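4 protein chains.
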Amino acid sequence: MRDASIYAHQGFANVLGFGRKSAIIFVDFTVGFSDPEIFGGGNILSAIEASESLLKAGRELGVPICHTRIVYADDGSDLGVVAMKVPKVATLTESHPSGNFVPSLMPVTGEYVVRKTQASGFFGTGLAAWLTSRGADTLIVAGCTTSGCVRATVVDAASANFRPIVAADCCGDRALESHANSLFDLNQKYADVIDSAKIIAHLRGSGGQ
Amino acid sequence: MRDASIYAHQGFANVLGFGRKSAIIFVDFTVGFSDPEIFGGGNILSAIEASESLLKAGRELGVPICHTRIVYADDGSDLGVVAMKVPKVATLTESHPSGNFVPSLMPVTGEYVVRKTQASGFFGTGLAAWLTSRGADTLIVAGCTTSGCVRATVVDAASANFRPIVAADCCGDRALESHANSLFDLNQKYADVIDSAKIIAHLRGSGGQ
Amino acid sequence: MRDASIYAHQGFANVLGFGRKSAIIFVDFTVGFSDPEIFGGGNILSAIEASESLLKAGRELGVPICHTRIVYADDGSDLGVVAMKVPKVATLTESHPSGNFVPSLMPVTGEYVVRKTQASGFFGTGLAAWLTSRGADTLIVAGCTTSGCVRATVVDAASANFRPIVAADCCGDRALESHANSLFDLNQKYADVIDSAKIIAHLRGSGGQ
Amino acid sequence: MRDASIYAHQGFANVLGFGRKSAIIFVDFTVGFSDPEIFGGGNILSAIEASESLLKAGRELGVPICHTRIVYADDGSDLGVVAMKVPKVATLTESHPSGNFVPSLMPVTGEYVVRKTQASGFFGTGLAAWLTSRGADTLIVAGCTTSGCVRATVVDAASANFRPIVAADCCGDRALESHANSLFDLNQKYADVIDSAKIIAHLRGSGGQ
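Chains as they are written, first to last, in the numbering used here: chain A, -10 to 198; chain B, -10 to 198; chain C, -10 to 198; chain D, -10 to 198.
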């Protein structure tokens, strides 16, 4: 049996739909992830470009917006398993240029910035509490990498009962096979995976909810 | 650039190695996941067979062992986003046969059973606290599905700084492409992915540590 | 400076008020906590009596309701630090009479039952996810003991940005000084502490929101 | 029945003892909490003085050390329930003098600094993961306020199965009754509460374990 057909046979991939109120998260769109010599590559640059429209629409409509970045301590005191696997994450410190947001997706005042050291935007952060404070039950997800921090964030969102809506064209990965496979898996089990044009159309139609 | 080569170029996939003390987790090896008509299929049956040897060795050597199963309330009061996406998970209740462990991997007295409603064995459970109480810093992972509950558990283990060692042949998935891709991703970013024979050899050589 | 005055001087104890939508939690009103020979005593019986009215009103008005109980594994495989400090918690197993709810506050179908091993109803459970799935931003809290599981649950609710409203007369403790002091602390820092009559009046006035 | 006697009758307050390896946490010893006009008062200054000796001993013996401070975003985007209850916490931003550590307990390179927005040092932070990475199973706790951030941190440590050892004289509170009552409660249910002299003696005797 081919992959998609066994999922269909077992009743996966139902549509969540948008809930009562959405927020948008931009995961790890930082300089280091836009540069193939550091952590970038693949289709990340096109994801950044698509995300610019999503961010613009979200701001116009007053949607609660947050951004994540990886920040390790200057002295490495909080490095752990991930840094054993991928030592270069240790360079992503507070003031290192690689760790700053790309200029076109720079947070503005009032947008919540999640500092994190792990893949998921929820792990060891205030993200769930922030969504609760905003009354959000739906989390629109853009970011990189699809198979890394995006996927981990989406899985945690689903576990915490925030409906994840993945903006497919706003997600990028250095590895295109992993990108495609993660979007497939996420759509089967955890999230609605749709294009940002449809998401923006929904937000415009609902007055930003 | 092909997927593996960009990871190599950016310095991923270093080896974690075993830490000071290991525990083993068997993720969701329950009846429903062994049956292709429910949630099974693919290479899950062969993962069960390989896991029998790992469990036997772990027991002989006194390694702390835990097992996860999905348990939803009989009245559906704890159903959430995942059950919207995959409605059939609602059948996995306390006493439904689908939710019980497969006979060959049935927990015995003293082994910790994690009841969970989400993909990750860590989310909303006492798993991290149990590992801490056992002094474990390394988590050997077997189970199904590779791209679902295994992957989510491994990512959370890495985030919590327990070194994940994935027993490749003891993991199974209904979807073989997703299985292979998840093992690839996990090995690049979060875990050592090795065969159970090597894991058992390590445990024997270290007296079960 | 007396305790209350320094808090006033520093600007503590502002009123949260009810949010958009409330849920009610009844913490650990089980047989063992109603019996002074086990874990009961103090004013717990009067808290149970007051809670009966709160539960009745909540049900009439369709407020989402949950109940917590402590459940340890029969084989003690999940005992930890709290059980070192208070060994008798090990008796609170699935089928032991001490661990069952008191008859007058027995959950009914559709009410969420949180199984927990720690003080807080949030720690290692699906409580936050359940509140999110219900769209609740406010958590009305009754239960025992005030200085133990109630307080821990309230602190976590505030941390997760669910507004805690403590029903003062529906909370009880084996130790009356600790009860009074915890209500004082909670009201200064984390919660509104008010009588259940006022809470019920609010719920009636808002149609159960 | 008096408070202590009912606890004794029910078998509370057993001794945890030190485990295999300790870490030390200094909770919120920042300028704002040392000043009675901001968040200080009571016996916090004497707790700071006692903590200086504990920190010195910990450093000499190579004990893993961490420090917590409250840090809210400059734009208030992460304010939540606690800030509704205590609005002045909004002043504790990255660069505001109130939020910086007191000079005598300033972290040095290699000591882990936990940035937090909630009472507990564990909530929404990497503290548990850091303890795991250090192989610690015991958490020595100093800080302020005893009834606030110290207590919440201790309760979470116990829940996560890190043995909490509270350095009684190194904890302070603006409210002396709450201080005494919290030490009493913590010792009954969650932690060993002992003087720092005994803790330092243990660490010296065990070579910093």
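Just so it is clear, CB atoms sit at the ideal spot from N, CA and C, and this is done for glycine as well.
Predicted, not measured: the structure shown is a model, and the values here were computed from it.
**Report entry** Pairwise C-alpha distance: Leu165 of chain D and Asp233 of chain D
**Finding:** What is shown of chain D runs -10 to 198, which leaves residue 233 of chain D out entirely.
Report task. Starting from the C-beta of His168 of chain A, find all residues in its chain whose C-beta is less than 8 Å away, skip the five residues before and the five after it, and write them out in chain order. Result -> Gly31, Asn32, Thr134, Thr135, Ser136, Cys160, Gly161, Asp162, listed in sequence order.
**Report entry** Ile154 of chain D - partner residues in DSSP beta bridges
**Finding:** Checking the DSSP bridge columns, you'll see Ile154 of chain D partnered with D:Ile129, D:Asp181.
Query raised in the report: Do Phe112 of chain C and Ser148 of chain D come within 8 Å of each other at the CB atom, strictly closer than that value?
Result: Contact: yes.
Requested in this report: Return the residue from the list B:Ala46, B:Lys45, B:Gly21 that minimises the CA-CA distance to Leu34 of chain B.
Outcome: The shortest Cα separation from Leu34 of chain B among B:Ala46, B:Lys45, B:Gly21 belongs to B:Gly21.
**Report entry** Minimum Cβ-Cβ distance from Asp64 of chain A to chain D less than 8 Å
**Finding:** Chain D, which has a Cβ nearer than 8 Å to the Cβ of Asp64 of chain A, makes this yes.
Query raised in the report: Straight-line CA distance for Met(-10) of chain C to His(-2) of chain C?
Result: Unreliable positioning characterises Met(-10) of chain C in this predicted model, as indicated by a pLDDT of 47, which lies under 50. The coordinate reading is nonetheless provided below. Distance between the alpha carbons of Met(-10) of chain C and His(-2) of chain C is about 10 Å.
Requested in this report: Report the option in D:Ser109, D:Thr114, D:Gly88 whose CA atom is closest to the CA atom of Asp67 of chain A.
Outcome: When only C-alpha atoms are compared, the closest one is D:Thr114.
Query raised in the report: What's the gap between the Cα of Ile189 of chain D and the Cα of Arg9 of chain D?
Result: Near 16 Å, if we compare the C-alpha coordinates of Arg9 of chain D and Ile189 of chain D.
Query raised in the report: Can you find a C-beta in chain A that's less than 8 Å from the C-beta of Ala79 of chain D?
Result: Not an interface residue.
Query raised in the report: Going straight from the alpha carbon of Tyr(-4) of chain D to that of Gln177 of chain D, what length do you get?
Result: Near 7 Å, if we compare the C-alpha coordinates of Gln177 of chain D and Tyr(-4) of chain D.
Query raised in the report: If we count the other Cβ atoms within 10 Å of its Cβ and call it buried at 16 or more, is Thr98 of chain A buried or exposed?
Result: By the neighbour-count definition (other C-beta atoms within 10 Å, threshold 16), Thr98 of chain A is an exposed residue.
Requested in this report: Could you check if Ser40 of chain D is buried or exposed, using at least 16 other CB atoms within 10 Å of its CB as the buried criterion?
Outcome: With 16 or more neighbouring CB atoms inside 10 Å of its own CB, Ser40 of chain D falls in the buried class.
Query raised in the report: Are Val91 of chain B and Ser23 of chain B close, meaning C-beta to C-beta below 8 Å?
Result: Yes, Cβ-Cβ distance for Val91 of chain B and Ser23 of chain B is below 8 Å.
Requested in this report: Give the single residue among B:Gly124, B:Pro53, B:Asp158, B:Leu81 whose Cα lies nearest to the Cα of Asp184 of chain B.
Outcome: The closest CA to that of Asp184 of chain B, considering only B:Gly124, B:Pro53, B:Asp158, B:Leu81, is found on B:Asp158.
Query - is_contact[Met(-10) of chain B, chain A] using C-beta, thresh 8 Å - result: For Met(-10) of chain B, the pLDDT reaches just 47, beneath the cut-off of 50, and the residue's location in the model is therefore unreliable, although a value from the coordinates is still provided. Taking a beta-carbon distance threshold of 8 Å, Met(-10) of chain B counts as an interface residue toward chain A.
Query - Partner residues on chain B for Asn242 of chain D, Cβ-Cβ distance less than 8 Å - result: The shown model of chain D, from -10 to 198, leaves out residue 242 of chain D, and the question about it has no answer.
**Report entry** CB contact flag (Leu5 of chain B, Val70 of chain A, <8 Å)
**Finding:** Yes, Cβ-Cβ distance for Leu5 of chain B and Val70 of chain A is below 8 Å.
Query raised in the report: Contact check, Leu128 of chain B vs Ile14 of chain B under 8 Å by CB: the rounded distance?
Result: In this structure Leu128 of chain B is in contact with Ile14 of chain B, their Cβ atoms being roughly 6 Å apart against a cut-off of 8 Å.
Query - Cβ of Thr114 of chain D within 8 Å of any chain A Cβ - result: For Thr114 of chain D, the nearest CB of chain A lies under 8 Å from its own CB, placing it at the interface with that chain.
Requested in this report: State the CB to CB distance for the pair Val130 of chain C and His56 of chain C, rounded to an integer number of angstroms; the pair is presumed to be in contact (CB under 8 Å).
Outcome: Not a contact, Cβ separation roughly 12 Å.
Requested in this report: Using a threshold of 8 Å, state whether the C-beta atoms of Ser11 of chain A and Ala108 of chain A are closer than that.
Outcome: The Cβ atoms of Ser11 of chain A and Ala108 of chain A do not sit closer than 8 Å to each other.
Query - Bounding residues of the beta strand (DSSP E) (the contiguous stretch that carries Val16 of chain D) - result: For Val16 of chain D, the enclosing beta strand (DSSP E) stretches over residues 11 to 16.
Query raised in the report: Should Phe151 of chain C and Leu172 of chain C be called a contact, given that it needs their Cβ atoms to be closer than 8 Å?
Result: For Phe151 of chain C and Leu172 of chain C, no; Cβs fall outside 8 Å.
Query - Residue environment, Lys187 of chain A, which counts as buried when at least 16 other CB atoms sit within 10 Å - result: Around the beta carbon of Lys187 of chain A, fewer than 16 other beta carbons sit within 10 angstroms, so the residue counts as exposed.
Report task. Would you please state the rounded distance, in angstroms, between the beta carbons of Leu94 of chain B and Ser87 of chain B? I believe it to be under 8 Å. Result -> Contact annotation, Leu94 of chain B with Ser87 of chain B: C-beta distance approximately 15 Å; criterion of less than 8 Å not satisfied.
Query raised in the report: DSSP puts Gly6 of chain A in a beta bridge; with which residues?
Result: Residue pairing from DSSP leaves Gly6 of chain A without any beta-bridge partner.
Query raised in the report: Can you name, in chain order, every residue of its own chain whose Cβ lies under 7 Å from the Cβ of Ala2 of chain D, other than the five neighbours on each side?
Result: Setting aside the 5 residues that flank it on each side, Ala2 of chain D is surrounded in the same chain by Tyr(-4), Asn176, Gln177, each with a C-beta closer than 7 Å to its C-beta; the list follows chain order.
Query raised in the report: What's the C-alpha gap between Thr106 of chain C and Leu116 of chain C?
Result: One C-alpha to the other measures close to 13 Å.
Query - Close-in-space but distant-in-sequence residues of the same chain around Gly47 of chain A (CB under 6 Å, 5 per side omitted) - result: Closer than 6 Å at the Cβ level, and outside the excluded window around Gly47 of chain A, lie Ile13, Ile54.
Query raised in the report: Is there a Cβ from chain B that is less than 8 Å from the Cβ of Gln(-1) of chain A?
Result: Answer yes: the Cβ-Cβ gap between Gln(-1) of chain A and chain B drops below 8 Å somewhere.
Query raised in the report: From the DSSP output, which residues share a beta bridge with His168 of chain A?
Result: Residue pairing by DSSP places His168 of chain A in no beta bridge whatsoever.
Requested in this report: Flag Asp126 of chain C as yes if its beta-carbon sits less than 8 Å from any beta-carbon of chain A, otherwise no.
Outcome: Yes, Asp126 of chain C counts as interfacial toward chain A.
Query raised in the report: With a Cβ-Cβ cutoff of 8 Å, do Gly194 of chain D and Leu50 of chain D count as a contact?
Result: The answer is no: Cβ separation not under 8 Å.
Query raised in the report: Mapping DSSP to helix, strand and coil, what is Gly161 of chain C?
Result: DSSP places Gly161 of chain C in strand when its eight states are reduced to three.
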